[in-house]
Structures are given as C-alpha cells and as structure tokens.
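Residue numbers (this note's numbering): 5 to 565. For every residue, glycine included, the Cβ atom is placed at its ideal position computed from N, Cα and C. All figures in this text were calculated on a predicted structure; none of them were measured in a lab. Below is one structure, written out as structure tokens; the observations come after it.
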Amino acid sequence: MSIRKKRLGDLLVEEKKINLPQLQKALKRQRVEGKKLGEILVEEGLVTHEDIINVLEKQLGIERVQLDMIVVDKRAVRLIPQAMCKKHDLFPYEIEENIIKIAVADPLNIFAIDDVGISTGLQVKAYIATKEEITQATERYYSGENVINAAEELSKEKMHTAKEEEEEEEIDDIKNAPAVKMVEYLFKNAIEQGASDIHIEPYENYIRIRYRVDGQLQTVSTLNRDALGALVTRIKILANLNIAEKRIPQDGRVMTNIGDKAVDMRVSILPLITGEKVVIRVLDKDNYKVDKKDLGFTEEELQKIDNIIKSPYGIILVTGPTGSGKSTTLYTILSELNKEDKNIITVEDPVEYSLEGINQVTVNNKAGLTFASGLRSILRQDPDIVMIGEIRDNETAQIAVRASITGHLVLSTLHTNDAPASMVRLVDMGIEAYLVSTAVSGIVAQRLVRKICPNCKVAHEATAYEKRVMGVAEDKPLTVYKGEGCVYCNKSGYKGRRGVYEIMEVDRELRELILHTQNSDKIKDLAVKKGMKTLSMRCRELVLEGITTVEEMINITFLGE
5 MSIRKKRLGD LLVEEKKINL PQLQKALKRQ RVEGKKLGEI LVEEGLVTHE
55 DIINVLEKQL GIERVQLDMI VVDKRAVRLI PQAMCKKHDL FPYEIEENII
105 KIAVADPLNI FAIDDVGIST GLQVKAYIAT KEEITQATER YYSGENVINA
155 AEELSKEKMH TAKEEEEEEE IDDIKNAPAV KMVEYLFKNA IEQGASDIHI
205 EPYENYIRIR YRVDGQLQTV STLNRDALGA LVTRIKILAN LNIAEKRIPQ
255 DGRVMTNIGD KAVDMRVSIL PLITGEKVVI RVLDKDNYKV DKKDLGFTEE
305 ELQKIDNIIK SPYGIILVTG PTGSGKSTTL YTILSELNKE DKNIITVEDP
355 VEYSLEGINQ VTVNNKAGLT FASGLRSILR QDPDIVMIGE IRDNETAQIA
405 VRASITGHLV LSTLHTNDAP ASMVRLVDMG IEAYLVSTAV SGIVAQRLVR
455 KICPNCKVAH EATAYEKRVM GVAEDKPLTV YKGEGCVYCN KSGYKGRRGV
505 YEIMEVDREL RELILHTQNS DKIKDLAVKK GMKTLSMRCR ELVLEGITTV
555 EEMINITFLG E
C-alpha cells in the first residue's frame with residue numbers, strides 16, 4: 005500500500021479506533037484550526053499517540069523506532085536544520101550509504117519526506133516515533149549541536165589571531181557574535197541537560213568544556229585554544245568582573261532568563277598556568293519551589309520532619325557535604341514556616357533564592373558583615389525564626405545556641421558525615437555539652453543518590469561483593485538492578501537524583517546521653533534503637549526497591565558510616 009495514497013483518518017476507521025462521525029467531526033475542526041488530524045484526535049481523547057503508531061505500523065508496514073534506545077549519528081543531525089525538524093515533527097538519526105533515516109510523527113506527510121530528500125540529496129527512509137519522542141530528541145541533540153557549531157565558528161574566527169595580538173583584540177571580542185552565541189548556547193544547553201555546574205578548562209592546545217550532571221562531570225565540547233580570550237571576556241562582562249585582571253581569582257554573578265526559567269549563575273574565575281579557568285554554578289530557582297513531599301521523604305520521615313519544625317524554639321540542623329541538597333531542604337522548610345504571624349530573617353553566603361515574605365541578608369566579609377555579626381544584628385530585629393547559612397566557627401555557634409535557648413527557632417547547616425556526629429561537632433567547636441543537649445531539636449543528614457535510568461533498567465543477580473555490602477549471605481539469592489546505559493541517560497545508566505535522609509529527633513533520652521558522652525557511635529546506637537534509620541539503611545531500601553544501585557550505596561556507606 006503506497007504511503008501517498010492512504011490517509012490517517014481512513015486507517016484509524018479501518019482499524020476501528022474511531023468511527024466515521026468522529027472522523028468527520030475531527031476533520032471539520034481541522035479545517036477551522038489548521039492543526040494536524042492526529043493531534044486533534046489525541047486532544048479529543050479518541051486515540052493515543054501509541055494507537056496512531058500501531059495502526060500505521062500494522063497497515064503500512066512502517067517500522068517503529070525508539071529514539072531513546074538508539075545511538076544517533078550526528079552526521080544526520082548536522083544535515084537537517086532544526087527548523088525543518090520542528091516544522092515537520094521529524095528527527096534524523098542515521099546515514100547509511102546514500103540513505104538518511106528519519107523518525108516522523110506522521111509518515112503520511114509526503115512534504116516532510118520530500119523536504120528532507122531535497123535538502124540532503126539523499127534517499128529518505130521514514131520510521132515512526134511519537135511526537136514527544138521526536139521533540140525530546142530534537143531538544144537533546146540540537147542543543148548540543150548548537151554548542152558545537154558556535155564553538156567551531158568561534159574557533160575559526162580566532163584561528164589566525166597571533167598570540168601576541170590576543171590582549172589587544174579582546175575588547176573587540178566582547179562584541180564578537182560567535183563568542184556571544186557560544187556563551188548563550190552553553191548556558192541554555194546546561195539548563196536543558198540539568199547541569200549543576202559548567203567547567204571551562206584551558207589546556208596548552210585546547211579548551212575543554214564539561215557539565216556536572218547528576219553529580220558527575222561529562223565532556224560536552226572541546227574548542228581551539230585561541231578562543232579562550234573571547235569566551236572568558238564575554239563571561240566576565242556578564243558577571244560584571246574586571247576584564248583586564250587576569251592575575252587573581254574573581255567571583256561574580258549572572259542573573260538571566262533562559263526560556264521561562266529564571267536562572268542565577270555564580271561565576272568563579274581562577275588563573276592557571278595555562279590561562280583562566282571558569283566554573284559556573286547553575287542555580288535553577290525552580291529547584292527551590294518544591295514541597296517537602298517532592299524531596300524524596302518517606303511518610304515516616306515527613307512525620308518526623310513535621311514534629312521537629314513544630315517546635316517554637318531550638319536548633320534544627322541540616323548536615324551533609326557540599327552539593328548534597330542542604331539549601332533546597334532548608335528553603336523548603338522555611339517556605340512552610342513562612343506565615344504572616346512570623347518574622348523570619350536569614351543570613352546567607354550568598355543568598356541563593358529570594359523568598360517572598362522572608363528577610364534575607366547576604367554575608368559581606370570585606371565590609372565586616374560575617375555570619376556572627378549578622379546574627380547579632382538579626383537578634384535585635386525581633387525575629388521568630390532565624391536561618392544561618394552555615395555554622396562555621398565558635399562565635400557563630402555560641403550566638404546560635406544562645407538564640408535558640410532564648411525562644412528563637414534557629415535553622416542552619418553543618419558539614420558532618422551523619423546526624424549524631426553533628427552533636428559532637430558542636431561540642432568540639434567549644435559549646436558546652438549541656439547547652440548542645442538543650443538547644444538542638446533535630447538533625448537531618450542527607451545525601452543525593454543517582455537514580456537508575458528507567459529506560460535501560462535491568463535486574464541481575466547480585467555479585468558476592470554486592471551481597472556483602474547489602475549484608476546478605478553469599479549463598480542467598482539477591483536481585484538488584486542497574487542501568488545498562490542508553491541514549492536517554494547518555495550511556496551512564498543513571499537519570500536524575502533523589503534525596504536520602506537520616507533524621508534524628510532529639511528527645512529526653514538522647515539529651516541525657518549527650519550530657520555524659522560525646523561518642524557519636526553511642527549516640528547513633530541509641531538513636532537507631534529509638535527508630536532512626538541511618539543513611540546506609542535508607543539507601544539499602546532504595547537498592548532493594550530498584551531505585552538506585554549498590555554502587556551508589558557504597559558511596560554513601562563510605563562517607564556516612
């Protein structure tokens with residue numbers, strides 16, 4: 005049956021997915037709105053995208069392709085403009101001799117096939133995919149190609165610039181369109197990839213660009229070494245930094261909108277022997293607009309958190325290493341506590357997200373505004389709730405404890421491996437044990453673990469080592485899961501992260517124990533006896549549920565216990 009002779013509506017009627025009156029009604033709407041028939045039928049709830057694909061596959065013998073499970077040939081992506089992909093809902097994914105393979109949402113669209121053939125000069129072989137799959141693939145691959153194309157354009161412009169002329173030309177490079185485009189694409193692509201950091205690293209003969217995604221660094225592109233000056237200068241301009249200063253580190257900030265997202269970027273520039281290295285921390289403000297339930301807490305953990313934050317005074321600590329999600333947890337708790345009858349003041353270094361109705365102070369060490377001095381001033385502002393970005397020293401700890409025992413609720417962070425160790429850490433900072441036991445209401449220790457990619461997740465029998473880590477005898481069967489790696493997860497086997505928590509409610513028995521011992525193991529033993537689940541216990545549950553891997557559990561076990 006020729007593709008050109010059959011129409012989608014007729015095929016769906018033949019397969020009894022819709023009836024003739026439904027088709028006629030949809031065609032009438034199509035004439036008015038100009039939408040594709042398939043879209044209208046899906047909107048009406050008469051069929052699904054999968055229904056359409058199944059009918060086309062069966063009736064016309066057109067094969068289905070799953071774009072998230074294949075390796076895409078970037079030569080094909082470069083041959084067809086992104087605008088054509090969006091116009092026809094298609095995605096090019098492979099070139100084989102003189103044939104280009106494309107995925108199309110509507111294989112009956114002869115104009116799409118003709119346009120690709122004319123544009124490439126190749127024969128076209130069409131496969132079916134859903135519109136959502138095509139849109140995701142287009143966004144994923146063309147955003148990366150835009151970065152590469154801008155990098156190549158920038159490199160070409162700089163190729164013939166002699167190194168001794170570089171400094172004189174850098175002011176002109178500020179208006180260099182390729183440099184502007186390159187930085188714009190880097191930022192946009194980083195957001196689309198879910199990157200938390202962008203690394204621009206100069207080496208002797210090239211520049212390496214990497215993103216940190218789900219906690220792991222991955223190379224995005226390499227540029228010609230001569231492009232460094234224009235690239236760094238453009239970033240300095242955006243961050244309001246001194247473009248002439250290359251001898252000392254500089255820190256700045258870029259506030260921008262990417263699509264409909266408000267994004268705050270923290271820029272750090274470090275002079276190396278090979279040039280200036282740039283690291284940009286990407287702070288996606290949407291990450292802070294979450295409910296407690298979205299952070300990965302279990303129902304039991306949510307109940308514990310609610311019990312802790314109901315206290316009208318005391319210290320609530322969130323602990324964990326850098327990048328473990330402490331700020332997100334604190335902001336989420338603050339948002340819940342933010343009521344009209346409460347005066348909430350924070351002192352942060354820096355303020356990561358502006359919260360409506362909360363008074364926020366940024367530390368300025370050069371001006372003498374430290375955590376300690378800021379906290380002293382805050383306590384003269386009649387606060388009900390105080391948030392300190394981090395308890396770093398004895399002075400800050402002393403003021404925080406004093407504030408908590410005089411009727412204020414204090415929230416802060418510490419860098420410790422687990423919840424019980426935080427009590428000991430405060431004592432080590434010079435706070436009397438009786439004050440620590442009185443002041444602290446609860447502690448949340450947390451980590452972020454990578455989640456197994458749902459697209460390539462497979463079960464397997466645990467190895468002897470994995471059983472040992474999980475506390476299972478070697479002769480006992482144990483099924484665990486892993487990701488094999490696919491295009492969707494960039495071959496990593498992981499997609500996204502979630503929080504793992506250890507929540508310690510400080511009750512009378514624990515307060516009594518802290519008075520007599522600063523041994524964190526003894527404190528942990530009692531807390532576990534009273535119902536606390538350690539980080540490794542929670543991670544073990546996630547492994548058994550197939551959410552994460554033994555490998556991720558090992559990372560937490562080594563850090564936490």
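Same chain only: Cβ atoms within 6 Å of E168, ignoring 5 sequence neighbours per side: Against the sequence shown, residue 168 aligns to sequence position 164. For E168, the predicted structure reports a pLDDT of 42, less than 50, and the residue's modelled location is therefore unreliable. The matter cannot be settled from this model.
message: Given this structure, state the Cα-to-Cα distance separating L31 from E47, to the nearest angstrom.
response: Locating residue 31 in the sequence shown gives position 27, where the first residue counts as 1. Locating residue 47 in the sequence shown gives position 43, where the first residue counts as 1. Between L31 and E47, the C-alpha separation is close to 13 Å.
task: Specify, as a first and last residue, the run of the alpha helix (DSSP H) that E47 falls within.
output: The count along the sequence shown starts at 1 and reaches residue 47 at position 43. Where E47 is concerned, the enclosing alpha helix (DSSP H) stretches over 41-47.
Bridge partner(s) assigned by DSSP for D268: Taking the first residue of the sequence shown as 1, we reach residue 268 at position 264. M259, L287.
query: Nearest to I309 by alpha carbon, out of D255, M508, V504?
result: Along the sequence shown, read from residue 1 onward, the residue named residue 309 stands at position 305. Selected option, being the one with the closest Cα: M508.
task: State the Cα-Cα distance for the pair G263 and L50, rounded to the nearest angstrom.
output: By one-based count along the sequence shown, residue 263 stands at place 259. By one-based count along the sequence shown, residue 50 stands at place 46. Approximately 32 Å, taken between the alpha carbons.
- prompt: Who does T223 pair with in a DSSP beta bridge?
  reply: For this step, residue 223 is matched to residue 219 along the sequence shown. Its beta-bridge partners are R214.
query: Which residue comes first and which comes last in the alpha helix (DSSP H) that contains S441?
result: Here residue 441 refers to the residue found at position 437 when the sequence shown is read from its first residue. Looking at the DSSP string, the run of the alpha helix (DSSP H) that includes S441 is 437-443.
- prompt: Under the three-state reduction of DSSP, which class applies to E67: helix, strand or coil?
  reply: Locating residue 67 in the sequence shown gives position 63, where the first residue counts as 1. Here E67 sits in coil by DSSP.
task: Using the Cα positions of Q254 and D295, report the straight-line distance between them to the nearest angstrom.
output: Position 250 of the sequence shown, counted from the first residue, corresponds to residue 254. Position 291 of the sequence shown, counted from the first residue, corresponds to residue 295. When rounded, the distance between both Cα atoms is 35 Å.
message: Taking a contact to mean a Cβ-Cβ separation below 7 Å, would you say I44 touches Q34 in this structure?
response: For the purposes of this step, residue 44 is taken as residue 40 along the sequence shown, with counting starting at 1. For the purposes of this step, residue 34 is taken as residue 30 along the sequence shown, with counting starting at 1. Their beta carbons are under 7 Å apart, which means I44 touches Q34 by this criterion.
field: Assigned exposure category for D14 - 16 Cβ within 10 Å defines buried
entry: Taking the sequence shown and counting its residues from 1, one reaches residue 14 at position 10. Counting Cβ neighbours within 10 Å, D14 comes out exposed, since fewer than 16 surround it.
- request: Give the C-beta separation of I320 and L415 to the nearest angstrom, bearing in mind that I take them to be a contact with Cβ-Cβ under 8 Å.
  value: Position 316 of the sequence shown, counting from 1, holds the residue named residue 320. Position 411 of the sequence shown, counting from 1, holds the residue named residue 415. Going by Cβ atoms, the distance from I320 to L415 rounds to 5 Å, so yes, they are a contact pair.
message: Among H412, N58, E545, V187, whose alpha-carbon lies nearest the alpha-carbon of S315?
response: Reading the sequence shown from its first residue, position 311 is the one you call residue 315. The option with the nearest alpha carbon to S315 is H412.
query: R501 to Q307, Cα distance in whole Å?
result: Along the sequence shown, one-based indexing puts residue 501 at 497. Along the sequence shown, one-based indexing puts residue 307 at 303. If I take the Cα positions, the gap works out to 23 Å.
- prompt: Can you find at least 3 beta carbon pairs, one from the segment 346-365 and one from the segment 384-401, that sit closer than 8 Å?
  reply: yes
query: Rounded to the nearest angstrom, how far is the Cβ of I456 from that of I313, given a contact under 8 Å?
result: Mapped onto the sequence shown, residue 456 falls at position 452. Mapped onto the sequence shown, residue 313 falls at position 309. Incorrect: roughly 32 Å between the Cβ atoms, too far for contact.
- request: State yes or no: is the C-beta of S441 within less than 7 Å of the C-beta of L519?
  value: Position 437 of the sequence shown, counting from 1, holds the residue named residue 441. Position 515 of the sequence shown, counting from 1, holds the residue named residue 519. Yes. Within cutoff.
- request: Give me the Cβ distance between A107 and I138, rounded to the nearest whole Å; I'm assuming they're in contact under 8 Å.
  value: Taking the first residue of the sequence shown as 1, we reach residue 107 at position 103. Taking the first residue of the sequence shown as 1, we reach residue 138 at position 134. Going by Cβ atoms, the distance from A107 to I138 rounds to 6 Å, so yes, they are a contact pair.
- request: Quick one: grab the DSSP three-state call for S6.
  value: In the sequence shown, counting from the first residue as 1, residue 6 sits at position 2. Its pLDDT being 45, under 50, S6 is placed unreliably by the model, and the measurement read from it follows with that caveat. DSSP places S6 in coil when its eight states are reduced to three.
- request: Go ahead and pull the three-state DSSP assignment for G411.
  value: Here the question's residue 411 lines up with position 407 in the sequence shown. It is coil, neither helix nor strand.
task: Can you tell me which of Y317, S339, T226, Q222 puts its alpha carbon nearest to the alpha carbon of E208?
output: Position 204 of the sequence shown holds residue 208. Closest option to E208, Cα to Cα, is T226.
- prompt: Can you list, in chain order, the residues of its chain whose CB lies under 6 Å from that of G434, leaving out five sequence neighbours each side?
  reply: As a position in the sequence shown, residue 434 is number 430, starting the count at 1. Correct list, in chain order: N398.
message: Taking 7 Å as the threshold (C-beta atoms), are A449 and S524 in contact?
response: In the sequence shown, counting from the first residue as 1, residue 524 sits at position 520. In the sequence shown, counting from the first residue as 1, residue 449 sits at position 445. Cβ distance not < 7 Å, so S524 and A449 don't count as in contact.
- prompt: Which residues in the same chain have their Cβ closer than 6 Å to the Cβ of L221, if we skip the five residues on either side of it in sequence?
  reply: By one-based count along the sequence shown, residue 221 stands at place 217. So the qualifying residues of the chain are R214.
Within 7 Å, strictly: CB atoms of G393 and D422: In the sequence shown, the residue the question calls residue 393 occupies position 389. In the sequence shown, the residue the question calls residue 422 occupies position 418. Result no, Cβ atoms of G393 and D422 do not sit closer than 7 Å.
field: Three-state secondary structure (DSSP) of K455
entry: Within the sequence shown, the letter at position 451 stands for residue 455. Residue state, collapsed to three classes: strand.
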